[in-house]
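Residue numbers (our numbering), protein chains in the order written: chain C, 9 to 124; chain E, 15 to 127. C-beta atoms are modelled at their ideal positions from N, C-alpha and C, and glycine is treated no differently. One structure is given below, encoded as structure tokens.
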Amino acid sequence: EAQVTQNPRYLITVTGKKLTVTCSQNMNHEYMSWYRQDPGLGLRQIYYSMNVEVTDKGDVPEGYKVSRKEKRNFPLILESPSPNQTSLYFCASSLGRRKGRNTEAFFGQGTRLTVV
Amino acid sequence: DAKTTQPPSMDCAEGRAANLPCNHSTISGNEYVYWYRQIHSQGPQYIIHGLKNNETNEMASLIITEDRKSSTLILPHATLRDTAVYYCIVRYAGGTSYGKLTFGQGTILTVHP
Numbered sequence: 009e010a011q012v013t014q015n016p017r018y019l020i021t022v023t024g025k026k027l028t029v030t031c032s033q034n035m036n037h038e039y040m041s042w043y044r045q046d047p048g049l050g051l052r053q054i055y056y057s058m059n060v061e062v063t064d065k066g067d068v069p070e071g072y073k074v075s076r077k078e079k080r081n082f083p084l085i086l087e088s089p090s091p092n093q094t095s096l097y098f099c100a101s102s103l104g105r106r107k108g109r110n111t112e113a114f115f116g117q118g119t120r121l122t123v124v
Numbered sequence: 015d016a017k018t019t020q021p022p023s024m025d026c027a028e029g030r031a032a033n034l035p036c037n038h039s040t041i042s043g044n045e046y047v048y049w050y051r052q053i054h055s056q057g058p059q060y061i062i063h064g065l066k067n068n069e070t071n072e073m074a075s076l077i078i079t080e081d082r083k084s085s086t087l088i089l090p091h092a093t094l095r096d097t098a099v100y101y102c103i104v105r106y107a108g109g110t111s112y113g114k115l116t117f118g119q120g121t122i123l124t125v126h127p
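Written out as structure tokens, the structure is:
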């Protein structure tokens with residue numbers, strides 16, 4: 009089954025304790041990205057990757073890191089989490105551009121992170 | 015990407031067609047209209063997209079006006095499981111941010127028994 013898998017689904021952590029949220033897709037997609045969703049602010053892109061070893065900042069990258077060493081994996085790293093990073097996080101993947109048009113994105117089930 | 019305007023909420027009776035409007039009056043010629051939905055707090059789910067012509071798939075139909083300034087998503091026979099937030103998104107096909115989705119506030123569709 010084609011899917012994007014995020015882990016963990018729920019996480020409560022303390023300020024300053026480094027954490028990693030994993031994301032894996034089994035569709036051989038080139039493009040992957042991370043979003044956070046907050047009440048009243050909607051979904052906002054944090055980082056994206058157009059292919060292996062190619063990453064770039066989205067709209068709200070501060071406090072986050074990513075890596076893309078393999079095509080299927082795109083982990084989100086919070087080196088020193090703070091309470092303002094409490095949010096619902098989604099990983100997404102897509103084929104990227106084909107014949108001049110964008111392709112649809114597939115989203116993971118989300119990771120609800122609470123930083124206390 | 016062009017800005018979109020959607021009503022904040024809509025209701026629909028189960029079994030009836032749900033027609034969700036979207037205004038995108040500043041859309042440019044190479045921008046596509048995409049629809050996604052988000053059920054409760056799950057990951058957004060792709061529904062359909064189009065450029066100029068009307069489109070239909072197993073989930074829905076997309077009607078785009080001739081001037082492309084607005085569109086309507088049609089769920090032909092809404093069920094309770096279609097209760098969700100529906101997002102209309104306009105995306106540019108080129109550039110380096112081609113994969114980015116800019117979500118607005120969407121329309122909360124509530125399907126009633």
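Inset, instruction - Quick one: using the 10 Å Cβ neighbour count with 16 as the cut-off for buried, is ILE103 of chain E buried or exposed? - result: Within the second sequence, residue 103 of chain E is the residue found at index 89, counting from 1. It counts as buried.
Legend entry - For ASP96 of chain E, three-class secondary structure by DSSP: Mapped onto the second sequence, residue 96 of chain E falls at position 82. Reduced to three states, the DSSP call for ASP96 of chain E is helix.
Inset, instruction - For the beta strand (DSSP E) holding VAL123 of chain C, just list the boundary residues, first then last. - result: The residue given as residue 123 of chain C occupies position 115 in the first sequence. 119-123 is the span of the beta strand (DSSP E), which, as asked, contains VAL123 of chain C.
Inset, instruction - Alpha carbon to alpha carbon, how far is SER75 of chain C from ARG30 of chain E? Give it in angstroms, no decimals. - result: Locating residue 30 of chain E in the second sequence gives position 16, counting from the first residue. Locating residue 75 of chain C in the first sequence gives position 67, counting from the first residue. C-alpha of ARG30 of chain E to C-alpha of SER75 of chain C: approximately 46 Å in a straight line.
Inset, instruction - For PRO35 of chain E, collect the residues of the same chain with a Cβ closer than 6 Å to its Cβ; drop the 5 residues on either side in sequence, then sort them by chain order. - result: Position 21 of the second sequence holds residue 35 of chain E. Closer than 6 Å at Cβ, skipping near neighbours: THR86.
Inset, instruction - Would you check if the distance between the CB atom of PRO69 of chain C and the CB atom of THR28 of chain C is smaller than 8 Å? - result: The count along the first sequence starts at 1 and reaches residue 69 of chain C at position 61. The count along the first sequence starts at 1 and reaches residue 28 of chain C at position 20. It is not a contact, given that the beta carbons lie outside the stated cut-off.
Inset, instruction - Spell out a yes or no on whether the stretch 91-100 of chain C and the stretch 22-29 of chain E are touching, meaning 3 or more CB-CB pairs, one atom from each, closer than 8 Å. - result: These segments do not touch.
Legend entry - Test item: CB-CB of TYR100 of chain E and GLY120 of chain E under 8 Å: Indexing the second sequence from 1 puts residue 100 of chain E at position 86. Indexing the second sequence from 1 puts residue 120 of chain E at position 106. In contact: TYR100 of chain E and GLY120 of chain E (Cβ atoms closer than 8 Å).
Legend entry - Environment of PRO58 of chain E [buried if 16+ CB atoms lie within 10 Å]: Position 44 of the second sequence holds residue 58 of chain E. Sixteen is the threshold: when 16 or more other Cβ atoms of the shown chains lie within 10 Å of the Cβ of PRO58 of chain E, as they do, the residue is buried.
Inset, instruction - Indicate whether at least one CB of chain E lies closer than 8 Å to the CB of GLU70 of chain C. - result: Taking the first sequence and counting its residues from 1, the one referred to as residue 70 of chain C is at position 62. Not one chain E Cβ lies under 8 Å of GLU70 of chain C.
Inset, instruction - Could you tell me whether the Cβ of LEU134 of chain E comes closer than 8 Å to any Cβ of chain C? - result: An answer regarding residue 134 of chain E cannot be provided, because it is not within the stretch 15 to 127 covered by chain E.
Inset, instruction - Determine, using beta carbons only, whether GLY118 of chain E comes closer than 8 Å to chain C. - result: On the second sequence, position 104 is the one that residue 118 of chain E refers to. Yes, because at least one Cβ of chain C sits closer than 8 Å to the Cβ of GLY118 of chain E.
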